[in-house]
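S.K.: Quick note: the sequence shown uses this note's numbering, first residue 134, plus one each step. Here it is: the structure, laid out below.
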Amino acid sequence: MNIFKLFSSKKQKNQPPCTSVLSPSCSSPFSVFNTSTPPQENKLYLSIRQSIPIIDAAILKIIHLVGGFSINTGDPNVDIFLNNLCDNIKVGPSSIGIESFISSYLDSILTYGHAIGEILISSDKKNVCGLINGDVNFIKVSPSSSPIDLNISVSSDNGISFSHIKDKSLICFSALNPTSHNITGTSILNNLPFVSSTLLKIYNTISKNFDRAANVRFAINYKPSSSTDPSTTSSRLSQISKEWSKSMDNSSSEIRDFITSGDIDIKVIGADAQLIDSSIPVRQMLEQIISKLSLPPFLLGLNWSTSERMSKQQADILTSELQYYRRLLTPIIYKISKTILSINGFHHNPSINWNNINLQDEIEFAKARFYNSKAIQLEQEIDKKENLK
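This is the structure we're talking about:
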C-alpha cells in the first residue's frame, strides 16, 4: 500500500471544498475598434467623446468660445445684403445661418481631424440656396497628381463604392494639423484612447466596489454544539435561512427583527475592507486629457488650486488656441461669402472680422485706448508749454 496516497486521501476528505470564481476581464472598451481604417478610427473618437463627458464638454466649450464674426466688403449696402443672406441661409434640414454651419464644421474638425461641407446652388444657378455639412465617414481623401490639390471621393451607399468629385469649387474641406503622410489631419483626441480607457477602468472599478461594499451583504455562521444531531443542524440551517430572508425582504414596508437562539455569528461581507482612494489616479488621467485639449481646468468645473497669475496665463494660452481655430475657419467663410457675392453679381472681396473672444478682452482694449489717449493728451500739454516758453 502506498502510504502517501493514504494520507493524501484522508487529508482531502477533511478539507472543505474550495472553488475559484473567474471575474470578467476588464479590457479596454475601445479595443473593438480597428484604428487602421478611417471609418473605425472615426467611430473610436466618437466613442471616446460619448464615454467621457468632460471631453465632450471641452469640445463644446471650444466651439462656443471661438465666437461669432461679421463679413465686410467696404460697401455698406453690400455688407447689409451679404450679412442678411448669411444669417438666414438654410443649413441642412434643421438649422439656419452660416454660424450654425461653421459650428458643426468645427465640431467635425476637432473630433475627426477634418471636415467637409458643400455650398448648394439653385437649379437656375442664380442663388445660393443652402449649406450642408458632410459625413466624414463617407468620404475618401487622397493625394492628387498636383502637389497642391486633393482627390475627394464620396459614397452614397454606406461606404460600398465611392465616386470621385471632379468639380470641387463648391466643396469646403479643412484638415487639422495635416502632415505629409496624413493629409486628412489629426483629431485632438488622437492621443487619448489609452488615457480614456484607463479612466473608464477606474470608474468601472469604483462602480463594482460600490456594488459589493455599499450594497450590504451578510455572512451568517451557525455553530451547533457537538451533541447536536446532524439532521437537526440541517433543519435549523434551513429555518434560519428562511427567517433571515423574510427579515431582509425589501418588498414589504414592514420592518422585521431577526430573533434566534444558539451560537450564531452575523457579519457584513467586506466591512473590514476599505475602498481604494481613486482621486489621485483620476486626477492624473484628467490632467493628461485637459493638457491635450488646451483648456483651463476651471472652465470645466474642476476646482484645482491655481493662482491668479496662472489663471491669466492659461487664459492667454486658450486665446492663442482659439485664434488658431479661427485662422482655420476664415478661408471657409471667405469661400462661402465670395461665392454668394459672385452669384449675385458683386465683385467685392470680403474680409472676415471676428468678435472679441470675451468681455475681459474688451476691458483690456478699453484700458489700452484710455491709456493711449491719456498719453497723447499729456504729450500735447507738454508741447504747448514748450511753445509758450
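Ideal Cβ placement from N, Cα and C applies to all residues, glycine included.
Could you compute how far the alpha carbon of residue 230 sits from the alpha carbon of residue 254?
M.R.: By 1-based counting over the sequence shown, the position of residue 230 is 97. By 1-based counting over the sequence shown, the position of residue 254 is 121. Taking the straight line joining both Cα atoms gives about 16 Å.
S.K.: Out of 303, 217, 219, 245, point me to the one whose CA is closest to residue 319's CA.
M.R.: For the purposes of this step, residue 319 is taken as the residue at position 186 of the sequence shown. Minimum Cα distance to residue 319 is reached at 245.
S.K.: Starting from residue 264, follow the beta strand (DSSP E) in both directions and report where the run begins and ends.
M.R.: The residue given as residue 264 occupies position 131 in the sequence shown. Here the beta strand (DSSP E) through residue 264 covers 261 to 266.
S.K.: Does the separation of the CB atoms of residue 238 and residue 221 fall below 8 Å?
M.R.: Position 105 of the sequence shown, counted from the start, is the residue given in the question as residue 238. Position 88 of the sequence shown, counted from the start, is the residue given in the question as residue 221. Not in contact: residue 238 and residue 221 (Cβ atoms no closer than 8 Å).
S.K.: Decide if residue 154 is buried, meaning its Cβ has at least 16 other Cβ atoms within 10 Å, or exposed.
M.R.: One-based indexing of the sequence shown puts residue 154 at position 21. Note that residue 154 has pLDDT 48, beneath the 50 cutoff, so the model's placement of it is unreliable and the number below is only indicative. Classification of residue 154: exposed, given that the 10 Å Cβ count is below 16.
S.K.: Does the distance from the C-beta atom of residue 249 to that of residue 305 stay below 8 Å?
M.R.: Taking the sequence shown and counting its residues from 1, the one referred to as residue 249 is at position 116. Taking the sequence shown and counting its residues from 1, the one referred to as residue 305 is at position 172. Taking 8 Å as the Cβ cut-off, residue 249 and residue 305 qualify as a contacting pair.
S.K.: Go ahead and pull the three-state DSSP assignment for residue 239.
M.R.: In the sequence shown, the residue the question calls residue 239 occupies position 106. Helix.
S.K.: Pull up the distance between the alpha-carbon of residue 492 and that of residue 351, whole angstroms please.
M.R.: Start at 1 with the first residue of the sequence shown, and residue 492 comes out as number 359. Start at 1 with the first residue of the sequence shown, and residue 351 comes out as number 218. The pLDDT assigned to residue 492 is 49, lower than 50, so where the model puts this residue is not dependable, and the model offers no usable value.
S.K.: List the whole-angstrom C-beta distance separating residue 425 from residue 316, where the pair is believed to meet the contact cut-off of C-beta under 8 Å.
M.R.: Translated into positions along the sequence shown, residue 425 becomes position 292. Translated into positions along the sequence shown, residue 316 becomes position 183. Actually they do not touch by this definition, with Cβ atoms about 22 Å apart.
S.K.: Excluding the 5 residues flanking residue 377 on each side, which residues of the same chain have their C-beta closer than 7 Å to its C-beta?
M.R.: Taking the first residue of the sequence shown as 1, we reach residue 377 at position 244. Closer than 7 Å at the Cβ level, and outside the excluded window around residue 377, lie 353, 391.
S.K.: Measure the alpha-carbon distance for residue 335 versus residue 195 and round it to whole angstroms.
M.R.: Within the sequence shown, the letter at position 202 stands for residue 335. Within the sequence shown, the letter at position 62 stands for residue 195. Roughly 27 Å separates the two Cα atoms.
S.K.: Which partner residues does residue 253 have in the DSSP bridge list?
M.R.: Here residue 253 corresponds to residue number 120 of the sequence shown, with the count starting at 1. The partner list for residue 253 (beta bridge, DSSP) reads 263.
S.K.: Any idea which residues DSSP pairs residue 488 with across the strands?
M.R.: Your numbering for residue 488 matches position 355 in the sequence shown. DSSP, once it has assigned bridges, lists no residue as partnering residue 488.
S.K.: Buried or exposed: which applies to residue 340, given that a residue is buried once 16 or more other Cβ atoms fall within 10 Å of its Cβ?
M.R.: Counting from one through the sequence shown, the residue named residue 340 turns up at place 207. That one is exposed.
S.K.: Counting only runs of 3+ residues fully inside the stretch 190 to 247, write out the beta strand (DSSP E) ranges in chain order.
M.R.: Listed in chain order, the complete beta strand (DSSP E) runs (minimum 3 residues) inside the stretch 190 to 247 are 202 to 205.
S.K.: Quick check: the Cα distance between residue 521 and residue 500, rounded to an integer number of angstroms?
M.R.: Within the sequence shown, numbered from 1, the residue matching residue 521 stands at position 388. Within the sequence shown, numbered from 1, the residue matching residue 500 stands at position 367. When rounded, the distance between both Cα atoms is 32 Å.
S.K.: Is residue 349 helix, strand or coil by DSSP?
M.R.: Taking the first residue of the sequence shown as 1, we reach residue 349 at position 216. If DSSP states are grouped into helix, strand and coil, residue 349 belongs with coil.
S.K.: Tell me the DSSP secondary structure of residue 311 in three-state form.
M.R.: Translated into the one-based positions of the sequence shown, residue 311 becomes position 178. Three-state result, residue 311: coil.
S.K.: Would you decide whether residue 457 is buried or exposed? Buried here means 16 or more other CB atoms lie within 10 Å of its CB.
M.R.: As a working note, residue 457 is residue 324 in the sequence shown. Result: exposed.
S.K.: For my contact list, residue 429 and residue 417 are in at a C-beta cut-off of 8 Å; report their separation, rounded to the angstrom.
M.R.: Translated into positions along the sequence shown, residue 429 becomes position 296. Translated into positions along the sequence shown, residue 417 becomes position 284. Their Cβ separation, rounded to whole angstroms, is 18 Å, which puts residue 429 and residue 417 out of contact at 8 Å.
S.K.: To the nearest angstrom, report how far apart residue 413 and residue 461 are at their CA atoms.
M.R.: Within the sequence shown, residue 413 is the residue found at index 280, counting from 1. Within the sequence shown, residue 461 is the residue found at index 328, counting from 1. Between residue 413 and residue 461, the C-alpha separation is close to 37 Å.
S.K.: Using CA atoms only, rank isn't needed, just tell me which of 467, 422, 311 is closest to residue 188.
M.R.: Here residue 188 refers to the residue found at position 55 when the sequence shown is read from its first residue. It is 422.
S.K.: Is residue 333 helix, strand or coil when you go by DSSP?
M.R.: One-based indexing of the sequence shown puts residue 333 at position 200. In the structure shown, residue 333 sits in a helix (DSSP, three-state: H, G or I).
S.K.: Indicate the three-state DSSP secondary structure (helix, strand or coil) for residue 304 in the structure shown.
M.R.: Here residue 304 refers to the residue found at position 171 of the sequence shown. In this structure, residue 304 counts as strand in the three-state DSSP scheme.
S.K.: Over what stretch of residues does the beta strand (DSSP E) that includes residue 400 continue unbroken?
M.R.: Within the sequence shown, residue 400 is the residue found at index 267, counting from 1. Taken as a continuous stretch (DSSP letters only), the beta strand (DSSP E) holding residue 400 covers 397 to 401.
S.K.: Considering residue 378, what are the terminal residues of the alpha helix (DSSP H) in which it resides?
M.R.: Your numbering for residue 378 matches position 245 in the sequence shown. Looking at the DSSP string, the run of the alpha helix (DSSP H) that includes residue 378 is 363 to 380.
S.K.: Between which residues of its own chain and residue 454 is the CB-CB distance below 7 Å, once the five residues before and five after are set aside?
M.R.: In the sequence shown, counting from the first residue as 1, residue 454 sits at position 321. Only 427 meet the Cβ criterion.
S.K.: Can you say whether residue 206 is buried or exposed, counting buried as having 16 or more other CB atoms within 10 angstroms of its CB?
M.R.: Along the sequence shown, read from residue 1 onward, the residue named residue 206 stands at position 73. Buried, since its Cβ has 16 or more Cβ neighbours within 10 Å.
S.K.: In chain order, what residues of the same chain lie with their CB nearer than 8 Å to the CB of residue 488, ignoring the 5 residues before and after it?
M.R.: For the purposes of this step, residue 488 is identified with residue 355 of the sequence shown, where counting begins at 1. Result list for residue 488: 200, 201, 202, 203, in chain order.
S.K.: Smallest Cα separation from residue 483: which of 209, 177, 294?
M.R.: The sequence position of residue 483 within the sequence shown is 350, counting from 1. Looking at the Cα atoms, 209 is the closest of the given residues.
S.K.: If distances are taken between C-alpha atoms only, which option among 287, 302, 301 comes closest to residue 295?
M.R.: In the sequence shown, residue 295 corresponds to position 162, counting from 1. Comparing Cα-Cα distances from residue 295 to each of 287, 302, 301, the minimum goes to 287.
S.K.: Have a look at 485, 518, 478, 234 and flag the residue whose alpha-carbon is nearest the alpha-carbon of residue 258.
M.R.: Numbered from 1 along the sequence shown, position 125 holds the residue referred to as residue 258. Comparing Cα-Cα distances from residue 258 to each of 485, 518, 478, 234, the minimum goes to 478.
S.K.: Starting from the C-beta of residue 471, find all residues in its chain whose C-beta is less than 8 Å away, skip the five residues before and the five after it, and write them out in chain order.
M.R.: Counting from 1 along the sequence shown, the entry for residue 471 is found at position 338. The answer, listed in chain order, is 482, 483.
S.K.: Check this for me: beta carbons of residue 485 and residue 466, under 8 Å apart or not?
M.R.: Along the sequence shown, read from residue 1 onward, the residue named residue 485 stands at position 352. Along the sequence shown, read from residue 1 onward, the residue named residue 466 stands at position 333. Yes, the pair counts as a contact, with Cβ atoms nearer than the cut-off.
S.K.: Just list the alpha helix (DSSP H) runs in the stretch 422 to 484, keeping only unbroken ones of 4 residues or longer that don't cross its boundaries, in chain order.
M.R.: Those alpha helix (DSSP H) runs which fall completely within the stretch 422 to 484 and span 4+ residues are 441 to 476.
S.K.: Between the C-alpha atoms of residue 473 and residue 227, what's the straight-line distance to the nearest angstrom?
M.R.: Here the question's residue 473 lines up with position 340 in the sequence shown. Here the question's residue 227 lines up with position 94 in the sequence shown. Approximately 21 Å between the Cα atoms of the pair.
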